[in-house]
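Engineer: In terms of this note's numbering, the sequence shown has 125 at position 137, counting the first letter as 1, and numbering is strictly consecutive.
After the structure tokens below, expect a handful of questions from me.
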Amino acid sequence: MTTLAQYLKDHASNPAVNDVITTITEVGKTISQLLKKGALADILGEAGNQNVQGEEQKKLDVLANDLLLEALTKNSHCAGVASEELDDATPANADGSLLVLFDPLDGSSNIDINMAVGTIFSILPYQRQGQPSKNGDFLQAGNKQLAAGYLLYGTSTMLALTVADDVVMFSLDPDSGDYILVQDKVTIDADTSEYAINSSNYRYWRAPMQQYIDELIAGEAGVRARDFNTRWVAAMVGDVHRILCRGGLFTYPFDTKYANKAGKLRLMYEANPMSLLIERAGGGATDAINRILDIEPTDIHQRIPVVLGSKNEVDYIKDLHLQHENK
Ligand code: AHG
Ligand code: MN
Ligand code: MN
């Protein structure tokens, strides 16, 4: 049996990264406990304010954010923290070598209906040690990430993590309070017949994405000549977890519904960490055409179209988009 502590020790390429991961996963235990108490902990419902992206904050969005912020700003390796729920990054310990970005609670509309939610995190190097960190320090492409992962608070609490070349999974043992390694070397099959998309946004998509979904729905009778099945958790963390477990395609595509005409998901604390996990497990992650991990960010809260999962489907979607551009 390998605990997270043991795993991190054995793969200790960077002790600072390991220490920050320990801090995040310890807070994850507290969030997991709060979620288990649910209605009894008076944590459900709206907090009564909006975040920087104009979304209603749930009480637990705020609580999870505050817990992570407090713990990480105390960690001596952490030079700064950026969160979905905070307009600007928070400087922490100027001598730290790391920056941490997180989505404290992903899929928060699931909280009040007792469904899966998660915490997503991304760890970047800090380049200006000794000076207080600023928003601009976080604007590094996803390929610079030193580690990334998520905690999924589902029927059990799981951690998916990449600190080295591999993606590994741990399960939180409610008895011992330890994260136990349950899968090393997670890999995603290149082919799949399962896809996840919020189809109610169909009218806002670009033509090649509409064509792609039309082809999947046509199934055996269409050009794909086989049937596909939809699965949609409504929390990216749940959909990505399913893909790491059994393959699949997840997309929150380019969507004119959102003011920036990009999509819903955020590059720095949703798309980037998930893309690193998916790529290291052998899958693909693009904005429909370009590799997400190579996109140079311009804002910590910028949104981006996301297409990720089984490699052949991700490549097929890219082909459809390129064909459309070349018409
Ligand atoms: P968050 O709760 O952190 O704002 O993220 C929710 C995201 C993502 O997890 C999910 O894939 C998507 O929103 C679902 O949104 P819609 O139900 O609005 O399509
Ligand atoms: Mn989210
Ligand atoms: Mn969130």
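Each residue gets a CB set at the ideal place from its N, CA and C atoms; glycine is no exception.
Curious, which full-length beta strand (DSSP E) runs of at least 3 residues does the segment 106 to 149 contain?
Structural biologist: Whole beta strand (DSSP E) segments, 3+ residues: 135 to 141.
Engineer: Can you list, in chain order, every residue whose CB sits closer than 6 angstroms to a heavy atom of ligand 1?
Structural biologist: This criterion selects 43, 72, 91, 94, 95, 96, 186, 222, 223, 224, 240 and 252.
Engineer: Specify the secondary structure class of residue 294 as computed by DSSP and reduced to three states.
Structural biologist: Strand, per DSSP.
Engineer: Can the beta-carbon of residue 72 be found less than 9 angstroms from the beta-carbon of residue 289?
Structural biologist: Taking 9 angstroms as the Cβ cut-off, residue 72 and residue 289 qualify as a contacting pair.
Engineer: Can the beta-carbon of residue 176 be found closer than 9 angstroms to that of residue 8?
Structural biologist: Their beta carbons are not under 9 angstroms apart, which means residue 176 does not touch residue 8 by this criterion.
Engineer: Can residue 125 and residue 87 be called in contact, C-beta distance under 9 angstroms?
Structural biologist: A contact, by the Cβ cut-off of 9 angstroms.
Engineer: Residue 214: buried (16+ other C-beta within 10 angstroms of its C-beta) or exposed?
Structural biologist: Classification of residue 214: exposed, given that the 10 Å Cβ count is below 16.
Engineer: Please name the residue or residues paired with residue 239 in a DSSP beta bridge.
Structural biologist: According to DSSP, residue 239 bridges with 295.
Engineer: Between residue 49 and ligand 3, is the CB less than 8 angstroms from at least one heavy atom?
Structural biologist: Indeed, a heavy atom of ligand 3 lies less than 8 angstroms from the Cβ.
Engineer: Look up residue 279 in the DSSP assignment and give the residues it is bridged to.
Structural biologist: Paired residues: 274.
Engineer: Between residue 281 and the rest of its own chain, which residues show a CB-CB distance below 6 angstroms, the 5 nearest in sequence each way excluded?
Structural biologist: Cβ neighbours of residue 281 beyond the five flanking positions: 130, 131 and 263.
Engineer: Do residue 340 and ligand 2 come close, with the Cβ less than 8 angstroms from some heavy atom?
Structural biologist: The shown model of the chain, from -11 to 315, leaves out residue 340, and the question about it has no answer.
Engineer: Quick one, which of 154, 165 and 255 has its alpha-carbon nearest residue 266's?
Structural biologist: Closest by alpha carbon: 154.
Engineer: Are the CB atoms of residue 226 and residue 140 within a distance shorter than 9 angstroms?
Structural biologist: Yes, the Cβ-Cβ distance between residue 140 and residue 226 is below 9 angstroms.
Engineer: Rounded to a whole number of angstroms, what is the C-alpha to C-alpha distance between residue 38 and residue -11?
Structural biologist: Whole-angstrom Cα-Cα distance: 43 angstroms.
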